[in-house]
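Undergrad: Chains as they are written, first to last, in the numbering used here: chain C, 4 to 284; chain V, 128 to 447. Built from N, CA and C at the ideal position, the CB exists for glycine as well.
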Amino acid sequence: MVDVSEATIASLKKKAVTLRKHIIRMTHNAQSGHPGGSMSACDLVTALYFQVLRVDPENPTWSDRDRFVLSKGHACPVWYAALAERGFFPVDELMTFRKINSRLQGHPELGTTPGVENAAGAEGQGLSFSVGLALAARMDHKAWRTYCLMGDGEQDIGQTWEAGLAASKYGLDNLTAFIDRNGIQQEGRTEDIMPLEPLAEKWEAFNWHVLTIDGHDFRQILAAIEEAQRTRGRPTVVIARTVKGKGVSFMENKIKYHGAATTDEELKLALAELDAQVAAI
Amino acid sequence: MTAGLWKMESQRSYFGKALVELGRREPDVVVVGVDTTESIKTNDFGKAFPDRFFQLGIAEPNMVSVAAGLAAAGKIPFAATYSVFGSAHTYNVIRQNVAYTNLNVKIFCSHAGLTVGPDGATHQMNEDIALMRGIPRMTVLVPADGPETAKCVDAAAAMRGPVYCRFSRTNVPTVTSREDDFAIGRARVIRDGSDVTLIGCGLMVSRCLEAADALDKMGIEARVINLSTVKPLDAATIDRAARETGGIVTAEEHTVVHGIGAAVASAIAANHPAPIAMVGVQDVFGESGEADELLRKYGLTAEKIVDSAHDVMKRRGQAR
Chain C
4 MVDVSEATIA
14 SLKKKAVTLR
24 KHIIRMTHNA
34 QSGHPGGSMS
44 ACDLVTALYF
54 QVLRVDPENP
64 TWSDRDRFVL
74 SKGHACPVWY
84 AALAERGFFP
94 VDELMTFRKI
104 NSRLQGHPEL
114 GTTPGVENAA
124 GAEGQGLSFS
134 VGLALAARMD
144 HKAWRTYCLM
154 GDGEQDIGQT
164 WEAGLAASKY
174 GLDNLTAFID
184 RNGIQQEGRT
194 EDIMPLEPLA
204 EKWEAFNWHV
214 LTIDGHDFRQ
224 ILAAIEEAQR
234 TRGRPTVVIA
244 RTVKGKGVSF
254 MENKIKYHGA
264 ATTDEELKLA
274 LAELDAQVAA
284 I
Chain V
128 MTAGLWKMES
138 QRSYFGKALV
148 ELGRREPDVV
158 VVGVDTTESI
168 KTNDFGKAFP
178 DRFFQLGIAE
188 PNMVSVAAGL
198 AAAGKIPFAA
208 TYSVFGSAHT
218 YNVIRQNVAY
228 TNLNVKIFCS
238 HAGLTVGPDG
248 ATHQMNEDIA
258 LMRGIPRMTV
268 LVPADGPETA
278 KCVDAAAAMR
288 GPVYCRFSRT
298 NVPTVTSRED
308 DFAIGRARVI
318 RDGSDVTLIG
328 CGLMVSRCLE
338 AADALDKMGI
348 EARVINLSTV
358 KPLDAATIDR
368 AARETGGIVT
378 AEEHTVVHGI
388 GAAVASAIAA
398 NHPAPIAMVG
408 VQDVFGESGE
418 ADELLRKYGL
428 TAEKIVDSAH
438 DVMKRRGQAR
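(1) Give the DSSP bridge partners of isoleucine 234 of chain V, in chain order.
(2) Can you name, in chain order, every residue of its own chain whose Cβ lies under 7 Å from the Cβ of lysine 145 of chain C, other than the five neighbours on each side?
(3) Quick one, which residues of the region 132–146 of chain C are near chain V if we go by CB-CB under 7 Å, in chain order?
(4) Residues bridged to arginine 154 of chain C by DSSP?
(5) Only counting runs of 3 or more residues, tell me where the beta strand (DSSP E) segments fall wholly within the region 362–426 of chain V, in order along the chain.
(6) Taking proline 359 of chain V as the reference, which of V/Asp340, V/Val391, V/Ala378 and V/Ala368 has the closest Cα?
(7) Please specify which runs of the beta strand (DSSP E), each continuous and at least 3 residues long, are wholly inside the region 215–290 of chain V, giving them in chain order.
(8) Have a look at the DSSP bridge pairing and note the partners of threonine 356 of chain V.
(9) Give the secondary structure of arginine 447 of chain V by DSSP, where H, G and I count as helix, E and B as strand, and everything else as coil.
(10) Let me see if you follow: with CB-CB separation under 9 Å, is glycine 261 of chain V close to chain C or not?
(11) Does the region 379–388 of chain V come close enough to the region 272–279 of chain V that 3 or more CB-CB pairs lie under 8 Å?
(12) Residues of chain C with a CB under 7 Å from the CB of leucine 149 of chain V: which are they?
(13) For phenylalanine 205 of chain V, is the classification buried or exposed, using 16 other Cβ atoms within 10 angstroms of its Cβ as the cut-off for buried?
(14) Does the CB of leucine 146 of chain V have a neighbour CB from chain C at under 9 Å?
(15) Are valine 134 of chain C and leucine 73 of chain C touching if we call contact CB-CB under 9 Å?
(16) Tell me whether glycine 320 of chain V counts as near the ligand MG, meaning its Cβ is closer than 8 Å to at least one heavy atom of that ligand.
(17) Given a cut-off of 9 Å, decide if leucine 230 of chain V and alanine 271 of chain V are closer than it, judged by their beta-carbon atoms.
(18) Can the beta-carbon of methionine 252 of chain V be found closer than 9 Å to that of glycine 240 of chain V?
(19) Which residues in the same chain as isoleucine 228 of chain C place their Cβ atom closer than 6 Å to its Cβ, once the five residues preceding and following it in sequence are excluded?
(20) Beta carbon of leucine 152 of chain C, beta carbon of lysine 75 of chain C: below 9 Å?
(21) Shortest alpha-carbon distance to threonine 297 of chain V belongs to which of V/Ala194, V/Val243, V/Met265 and V/Gly312?
(22) Whole angstroms are fine: how far does the CA of histidine 219 of chain C sit from the CA of glycine 156 of chain C?
(23) Please list the partners that glycine 173 of chain V has in chain C, where partner means a Cβ-to-Cβ separation under 9 Å.
(24) Tell me the rounded alpha-carbon separation between glutamine 108 of chain C and glutamate 190 of chain C.
(25) Taking CB distances under 9 Å as the criterion, tell me whether asparagine 353 of chain V reaches chain C.
(26) Using a cut-off of 9 Å between C-beta atoms, extract the partners of alanine 125 of chain C located in chain V.
(27) Examine chain V for any beta-carbon lying closer than 9 Å to the beta-carbon of serine 66 of chain C, and answer yes or no.
(28) Taking only beta-carbon positions, decide if glycine 156 of chain C is within less than 9 Å of chain V.
(29) Where threonine 111 of chain V and valine 191 of chain V are concerned, what is the direct C-alpha to C-alpha distance, given to the nearest angstrom?
(30) List the residues that DSSP assigns as beta-bridge partners of isoleucine 216 of chain C.
(31) Taking Cβ positions only, does proline 188 of chain V come closer than 9 Å to chain C?
(32) Could you pull the DSSP bridge partners for glycine 173 of chain V from this structure?
(33) Return helix, strand or coil for alanine 279 of chain C, following the three-state DSSP convention.
(34) Indicate whether phenylalanine 180 of chain V and valine 193 of chain V have their beta-carbon atoms separated by less than 9 Å.
(35) With DSSP as the reference, identify every bridge partner of phenylalanine 253 of chain C, one or two as the case may be.
(36) Looking at the secondary structure, which residues open and close the beta strand (DSSP E) in which isoleucine 185 of chain V lies?
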């Protein structure tokens, strides 16, 4: 088990609740966007941005920073929330999400939003992009690492597996991928739309180092990342079992909240639930 | 410049050599390929710089995104394959990962157009200029011959931002020389004339020069423009040609739907409307055959350009 204090875990849990509240507010304010997959990925993103990634909000393009690539671009509310809380831009700006003249586009745009590292929206391109980043770091003998967050729906896409082959061929141990395994994609359960299991065995067959964890347990998340950092000669993929809509009871495991915002009434209920969680930490 | 006994040379060979020379000067240049590297001569770069060369198998979308990632980390990646795979199969990856991101990726594709030959319609990419010029931020290059292909390599590397460059599999007449100046965004008038303008790209530049010679024998002085940059379009040179010659024939080894003819027509419509005729593939698929047979069958010849010039001049006479 990774050596992290109870205080650190508690602080990460609180931060994750803060990000979830931002996600709910942003998508409610926009009356569009994708809250479900943002909330399932929230603990992974929180762990990365508040415990793992070497990034500098004062210098977002610092050349030796770690790279975080969001392949499942529709989950950008969680990315924007993390970047704002980490100081890349003002928290107030989150309310411009999806509005005209905003730096916070409906799907990530490179070069516009401080801290955003890739463009995504058309699915399945992020892991390949991450392979390019990881190859460049290795060519330059740089220590920075690349972390790529994919959705489980992206496991349907051929390009994901093209990237899987390439990362394995080049033994990219400076690349860590996460699969937000929430089991739901736009039109239903992943296993109904296009069965993925056995997913871990697929990645193992591609010669990746595979870890399966509870994607809402910070100790497991941090331990998996530490193990990925120690692993030599192979890229690591962390299959994070998560709950779509995690953190708000009526949104959890609901297909609807893949791409639907809350109503005014639901917003109040959701925020009340999340506030109660902070009090309980 | 007149048509002559041109040397027939391989654009791929010039491309491969230019890449190696560029690689020596510029350590950030890297090359990604997809199981076509011997055919398009990027494997010479791989032999010279094995740790800057990535063979990614038959996986073109991955190739383009990997190139984008390399560019995001400061490299100057050249992604190269056949044009049908490098533009059409990868279209949305180029759009999202290369152009929307404005990354410094250079996509160089051989085997463009009908002259791929016996491989047939699946491999004859006649729509890539149309696809690529429609993408915001994309620079689109069509070198006329080998020496110009080498210049495109250097010029693409020297500019920041996405570039698509397409050229032919077949040997093409060398109509330019090493000494000719070249700049992205500039159309080059390679023969002066005031009666009609012939605008060509790729191997059709040589056909335009042949057509100009034939027209000259009929007492018609044709201006010839080598349009090696399709985007950004040199509107000033095209406007001047429309104004000064009053009629334009375009010639491309590409569909006339959204190709250089369409680009030129859009440009002159805004300022100096003039009759225009488009020589090119007429919205059809190709077929197997030898390169010259295909060019003849699909009307990509000097004779067709001459006929089109007469047509344009006749229509100009009828106007009002």
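TA: Reading off the structure:
(1) V/Ala206 and V/Tyr291
(2) Asp67
(3) Phe132, Ser133, Val134, Gly135, Leu136, Leu138, Ala139, Ala140 and Met142
(4) It should be noted that the sequence gives glycine, not arginine, for residue 154 of chain C. DSSP lists C/Asp183 as the bridge partner or partners of glycine 154 of chain C.
(5) 375–382 and 403–408
(6) V/Val391
(7) 233–237 and 266–268
(8) In the DSSP output, where bridge partners are listed per residue, threonine 356 of chain V has V/Leu268.
(9) Bear in mind that a pLDDT of 49 at arginine 447 of chain V, under 50, signals an unreliable position, so the number given afterwards is only what the model happens to contain. Coil.
(10) no
(11) no
(12) Neighbours of leucine 149 of chain V on chain C: none; closest Cβ ~17 Å, over 7 Å.
(13) Phenylalanine 205 of chain V is buried by the Cβ-count criterion.
(14) no
(15) Taking 9 Å as the cut-off, the beta carbon of valine 134 of chain C is found no closer than this to the beta carbon of leucine 73 of chain C.
(16) By its list of ligands, the structure shown contains no ligand whatsoever, and the ligand MG lies outside what it can speak to.
(17) no
(18) A contact, by the Cβ cut-off of 9 Å.
(19) Val55
(20) yes
(21) Residue V/Val243 is the option with its Cα nearest to threonine 297 of chain V.
(22) 19 Å
(23) What glycine 173 of chain V touches in chain C: nothing, since even the nearest Cβ is about 14 Å away.
(24) So the alpha carbons of these two residues sit roughly 23 Å apart.
(25) no
(26) Asn219, Val220, Arg222, Gln223 and Asn224
(27) yes
(28) no
(29) Limits of chain V in this structure are 128 at one end and 447 at the other, which puts residue 111 of chain V out of reach.
(30) C/Ala243
(31) yes
(32) In DSSP, glycine 173 of chain V forms no bridge with anything.
(33) helix
(34) 9 Å or more divides the Cβ of phenylalanine 180 of chain V from the Cβ of valine 193 of chain V.
(35) The partner list for phenylalanine 253 of chain C (beta bridge, DSSP) is empty, contrary to what the question assumes.
(36) Neither: isoleucine 185 of chain V is in no beta strand (DSSP E) and is coded neither H nor E.
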